[in-house]
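Worksheet: one structure, shown below.
Numbering (UniProt numbering), first residue to last: 1 to 462.
In structure tokens form, the structure reads like this:
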């Protein structure tokens, strides 16, 4: 008797399937395969028992599940569902937990806020009742920064007038009196930063027992900013329904180790993972941005950075210098200040809003025209008139590189993006850099190609 066939793996839905590369040279084969994969795979969905109505090309296809008020508001806007919405809305309306990774943060936020407003309406059995002890919203949207909070609030407000869902916004830099006023209404959807949320619950003016929908926007940034203890405290709140009894969704740029460790407490085991690929090719080929790689000896890398900053192509305006850690921020700021440069720094560590605003103002006003920062510190921050971007080390992912380059070459102005590469750079980092430089038709130095060809690789393209 032949053994029964093994059970099928969880369904993996891709749109569309990437073409196969067929090249003989190993370097050409690698680059061609990775370009084809990133270009073609826009959205990937992983999970078991996925909704049959997926993807949807028109909102009308969800008319049986989407509240009429939300459907009318979306159709009135005139735009079809985004590639991400074609998947997130059916999954969320099916009551599944959801992890959205890799797409632009603004697109992630729009998708989940639309789904959350729809879910709030569907859960409405009676007008939102304020308990004697305080406000009891049905949906909670947790965000790491004031910028995220305002983006979420703006999206909720765009649907509020049509749907009647009452939303409120509270965050740490907001006067506590204003926060108390915000939740003094019959709030159904609450957007909050972790510190202010816990402050209000400890005061006894906010109850979490009615929450049916929990959304974490930029969950990886929440952890980067040191909010892990706050999330732990939230999960331990006795009034908050445990994961099996609520619907939870989160977004992240990448699924970090710390975030993966938190998933069992946040999401049900049957959650669906949706990955939206960045349209990085279009961003890499920004016509007004000159992209280049510069060799920098590891022993004199700080001096190499100073030489780049002194180059006439870089010293025409504001310059962003990207580093990986807070320590690098502080070390480079001290070195450059000692060399006579006017420089500010900002890392992903939490800053008081006044300090953060002051740092950004000093940079954008030209008082300190060089800003050293980590990627997480500048996520969702708008910085106009940046002329040049310098990566002190190779960006950790293609997406991070694209986001760095996107700070320059705006509004018809030219810009320059420089990456410092030392002999200690890994071959995988070098491969990513070569791939994006070639995609941008930028020169690839021979020494950089040699680094890719002559040294062994340890991992795949990311």
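Beta carbons are placed, not taken as given, at the ideal position from N, Cα and C, and that holds for glycine.
As the structure is a prediction and not an experimental result, all values here were calculated from the model.
Taking Cβ positions, are residue i and residue j nearer each other than 8 Å?
{"i": "residue 195", "j": "residue 230", "result": "yes"}
{"i": "residue 150", "j": "residue 168", "result": "no"}
{"i": "residue 417", "j": "residue 408", "result": "yes"}
{"i": "residue 120", "j": "residue 56", "result": "no"}
{"i": "residue 211", "j": "residue 140", "result": "yes"}
{"i": "residue 534", "j": "residue 206", "result": "The structure shown does not extend to residue 534, since the chain is modelled only from 1 to 462, so the question has no answer here."}
{"i": "residue 347", "j": "residue 374", "result": "yes"}
{"i": "residue 339", "j": "residue 306", "result": "yes"}
{"i": "residue 187", "j": "residue 137", "result": "yes"}
{"i": "residue 329", "j": "residue 353", "result": "no"}
{"i": "residue 114", "j": "residue 85", "result": "yes"}
{"i": "residue 173", "j": "residue 291", "result": "no"}
{"i": "residue 215", "j": "residue 309", "result": "no"}
{"i": "residue 473", "j": "residue 319", "result": "Lying outside 1 to 462, the shown extent of the chain, residue 473 is not represented and no answer is given."}
{"i": "residue 46", "j": "residue 253", "result": "no"}
{"i": "residue 43", "j": "residue 80", "result": "no"}
{"i": "residue 97", "j": "residue 268", "result": "yes"}
{"i": "residue 317", "j": "residue 361", "result": "no"}
{"i": "residue 219", "j": "residue 189", "result": "no"}
{"i": "residue 385", "j": "residue 288", "result": "no"}
So, with DSSP's three-state summary, where would you put residue i?
{"i": "residue 148", "result": "helix"}
{"i": "residue 471", "result": "Because the chain here runs from 1 to 462, residue 471 falls outside it and cannot be looked at."}
{"i": "residue 328", "result": "helix"}
{"i": "residue 453", "result": "helix"}
{"i": "residue 111", "result": "helix"}
{"i": "residue 235", "result": "helix"}
{"i": "residue 119", "result": "helix"}
{"i": "residue 256", "result": "coil"}
{"i": "residue 222", "result": "helix"}
{"i": "residue 176", "result": "helix"}
{"i": "residue 354", "result": "helix"}
{"i": "residue 56", "result": "coil"}
{"i": "residue 301", "result": "helix"}
{"i": "residue 101", "result": "strand"}
{"i": "residue 44", "result": "strand"}
{"i": "residue 333", "result": "helix"}
{"i": "residue 322", "result": "strand"}
{"i": "residue 95", "result": "coil"}
{"i": "residue 70", "result": "helix"}
Within 10 Å of its beta-carbon, does residue i have 16 or more other beta-carbons around it, so buried, or fewer, so exposed?
{"i": "residue 257", "result": "exposed"}
{"i": "residue 101", "result": "buried"}
{"i": "residue 446", "result": "exposed"}
{"i": "residue 372", "result": "buried"}
{"i": "residue 415", "result": "buried"}
{"i": "residue 1", "result": "Below a pLDDT of 50, predicted positions are generally treated as unreliable, and residue 1, at 49, falls in that range; the measurement from the model is reported next regardless. Counting Cβ neighbours within 10 Å, residue 1 comes out exposed, since fewer than 16 surround it."}
{"i": "residue 201", "result": "buried"}
{"i": "residue 368", "result": "buried"}
{"i": "residue 454", "result": "exposed"}
{"i": "residue 132", "result": "Residue placement at residue 132 is poorly supported in this model, since its pLDDT is 43, which falls under 50; the coordinates still yield a value, given next. Flag for residue 132 reads exposed."}
{"i": "residue 155", "result": "buried"}
{"i": "residue 148", "result": "buried"}
{"i": "residue 297", "result": "exposed"}
{"i": "residue 232", "result": "exposed"}
{"i": "residue 343", "result": "buried"}
{"i": "residue 327", "result": "exposed"}
{"i": "residue 224", "result": "buried"}
Looking only at its chain, what residues have a beta carbon closer than 8 Å to the beta carbon of residue i, apart from the 5 residues adjacent to it on each side?
{"i": "residue 76", "result": "162"}
{"i": "residue 118", "result": "66, 67, 70, 89, 92, 93"}
{"i": "residue 425", "result": "393, 394, 451"}
{"i": "residue 341", "result": "306, 309, 370"}
{"i": "residue 153", "result": "167, 169, 191"}
{"i": "residue 213", "result": "116, 119, 120, 123, 138, 139, 140, 246, 247, 248, 249"}
{"i": "residue 239", "result": "207, 208, 209"}
{"i": "residue 62", "result": "53, 56, 71, 89, 90, 93"}
Relative to the C-alpha of residue i, which residue among the options is closest?
{"i": "residue 401", "options": "322, 81, 447", "result": "322"}
{"i": "residue 397", "options": "365, 431, 383", "result": "431"}
{"i": "residue 392", "options": "376, 382, 422", "result": "422"}
{"i": "residue 325", "options": "424, 377, 81", "result": "377"}
{"i": "residue 203", "options": "180, 220, 403", "result": "180"}
{"i": "residue 176", "options": "197, 189, 112", "result": "197"}
{"i": "residue 235", "options": "255, 209, 144", "result": "209"}
{"i": "residue 199", "options": "237, 263, 73", "result": "237"}
{"i": "residue 60", "options": "293, 49, 74, 50", "result": "74"}
Excluding the 5 residues flanking residue i on each side, which residues of the same chain have their C-beta closer than 6 Å to its C-beta?
{"i": "residue 302", "result": "335"}
{"i": "residue 108", "result": "100, 251"}
{"i": "residue 266", "result": "248"}
{"i": "residue 429", "result": "394"}
{"i": "residue 272", "result": "47, 91, 96, 98"}
{"i": "residue 222", "result": "144"}
{"i": "residue 111", "result": "84, 85, 88"}
Quick one: residues in its chain with C-beta nearer than 7 Å to the C-beta of residue i, no 5 flanking neighbours on either side, listed in chain order?
{"i": "residue 449", "result": "434"}
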